[in-house]
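Have a look at the structure below, then the notes.
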Ligand code: ATP
């Protein structure tokens, strides 16, 4: 039992959710490793949404609201941490939700779909075909979903698929705490923030923005600048930590 007054309560709760979901075979063992990498970067960034991440989140909301066919691609970690939040985001943006897994088994697809549906998500179902030019199972998707999306939110993505989705002409939004990853550098828009903070902020922005604000955010999108800001935030955070150490 994690005490509520623990200074890192939120992070430990997320870790517990990932561990439970791994036991339930919703999260793959490899996904536990990915979560650990995310935790490390979250520590470096100060476990908070930086001003540039908030801009990225608002821009993500604008892109999803202005899309012809927005799709959210969900994997095990995303479902384990944010099934209820995905439901809210789907309601606010009208996006389709499709389950897409690297470590794909029919059992995991069904378990993740069930978890999402229990939390109010409408999960896209249909014939799954090998439609993306990838040798692994993330190539498998639904024609009316990921394959034909114009804007796609792929939280916690792998670099390969991100690259292919961009090459297919889709606008790719990712959420990745590691600003150095291939995914972060390949996507059209990278939100360098923790998944649950990011989804909450995208959903809030989707409720509260005028058309004019949305247009401006899309026009001003500059992913290189956002990534530079994220790296700068990490460096400033480390520098503050060194100063505090020197004073101790
Ligand atoms: P790439 O191929 O893009 O270089 P990778 O091999 O570094 O990817 P993966 O394990 O495929 O990484 O994807 C996980 C990524 O998601 C990691 O970069 C990790 O930092 C990030 N991540 C993990 N958990 C979270 C989370 N809760 N919120 C945001 N980002 C996360």
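Residue numbers (the working numbering): 1 to 248.
From the three backbone atoms N, C-alpha and C, an ideal C-beta is built for every residue, glycine too.
As the structure is a computational prediction, the values presented were derived from the model and not from experiment.
Alpha carbon of residue i to alpha carbon of residue j, nearest angstrom
i: residue 239; j: residue 4; result: 29 Å
i: residue 148; j: residue 68; result: 10 Å
i: residue 71; j: residue 54; result: 21 Å
i: residue 98; j: residue 143; result: 11 Å
i: residue 64; j: residue 207; result: 12 Å
i: residue 236; j: residue 73; result: 33 Å
i: residue 50; j: residue 230; result: 8 Å
i: residue 104; j: residue 203; result: 28 Å
i: residue 152; j: residue 243; result: 41 Å
i: residue 46; j: residue 35; result: 16 Å
i: residue 241; j: residue 42; result: 15 Å
i: residue 131; j: residue 125; result: 15 Å
i: residue 227; j: residue 94; result: 28 Å
i: residue 90; j: residue 201; result: 14 Å
i: residue 168; j: residue 129; result: 16 Å
i: residue 9; j: residue 199; result: 19 Å
i: residue 170; j: residue 92; result: 21 Å
i: residue 224; j: residue 115; result: 35 Å
i: residue 247; j: residue 140; result: 54 Å
i: residue 281; j: residue 127; result: The chain is shown from 1 up to 248; residue 281 falls before or after that span and cannot be answered.
i: residue 190; j: residue 113; result: 26 Å
i: residue 232; j: residue 106; result: 42 Å
i: residue 56; j: residue 245; result: 32 Å
Beta-ladder partner(s) of residue i, from DSSP
i: residue 162; result: According to DSSP, which records beta bridges pairwise, residue 162 is partnered with nothing at all.
i: residue 27; result: Note: residue 27 sits in no beta bridge, so no partner.
i: residue 192; result: Paired residue(s): none; residue 192 is not in a bridge.
i: residue 98; result: 73
From the options, residue whose alpha carbon lies closest to that of residue i
i: residue 266; options: 119, 113, 120, 102; result: Because the chain in this structure spans residues 1 to 248, residue 266 falls outside the shown range and cannot be described.
i: residue 172; options: 188, 245, 164; result: 188
i: residue 234; options: 40, 7, 15, 98; result: 40
i: residue 136; options: 48, 161, 247; result: 161
i: residue 165; options: 241, 128, 138, 179; result: 138
i: residue 16; options: 7, 220, 1; result: 1
i: residue 61; options: 211, 232, 225; result: 211
i: residue 44; options: 178, 96, 150, 91; result: 178
i: residue 184; options: 92, 100, 222; result: 222
i: residue 29; options: 75, 10, 66, 56; result: 75
i: residue 24; options: 110, 247, 84; result: 110
Chain E contact for residue i (CB, 8 Å cutoff)
i: residue 85; result: In the structure shown, chain E does not exist; there is a single protein chain.
Cβ neighbours of residue i in the same chain (closer than 8 Å, five flanking residues each side left out)
i: residue 195; result: 38, 77, 78, 81, 82, 155, 156, 175
i: residue 18; result: 27, 31, 32, 35, 77, 80, 81
i: residue 214; result: 61, 62, 65, 66
i: residue 108; result: 25, 26, 28, 76, 101
Beta-carbon proximity list for residue i, same chain, < 6 Å, skipping 5 on both sides
i: residue 182; result: 159
i: residue 21; result: 27, 80
i: residue 58; result: 205, 217
i: residue 120; result: 87
i: residue 193; result: 49, 53
i: residue 219; result: none
i: residue 84; result: 119
Close Cβ partners of residue i (< 7 Å) along its chain, the five nearest in sequence each way excluded
i: residue 186; result: 159, 162, 163, 166
i: residue 6; result: 12
i: residue 197; result: 49
i: residue 146; result: 71, 73, 98, 100, 152
i: residue 150; result: 67, 68, 69, 170, 171
i: residue 123; result: 97, 99, 113, 116, 117
Check: In chain order, which beta strand (DSSP E) runs of at least 3 residues are fully inside the segment 121 to 184?
Finding: 128 to 130, 140 to 142, 151 to 155, 171 to 175
Check: In chain order, which alpha helix (DSSP H) runs of at least 4 residues are fully inside the segment 18 to 83?
Finding: 29 to 45, 51 to 65
Notebook entry, point to check: Quick one: complete alpha helix (DSSP H) runs, 4+ long, within the segment 193 to 240?
Noted result: 195 to 208, 211 to 219
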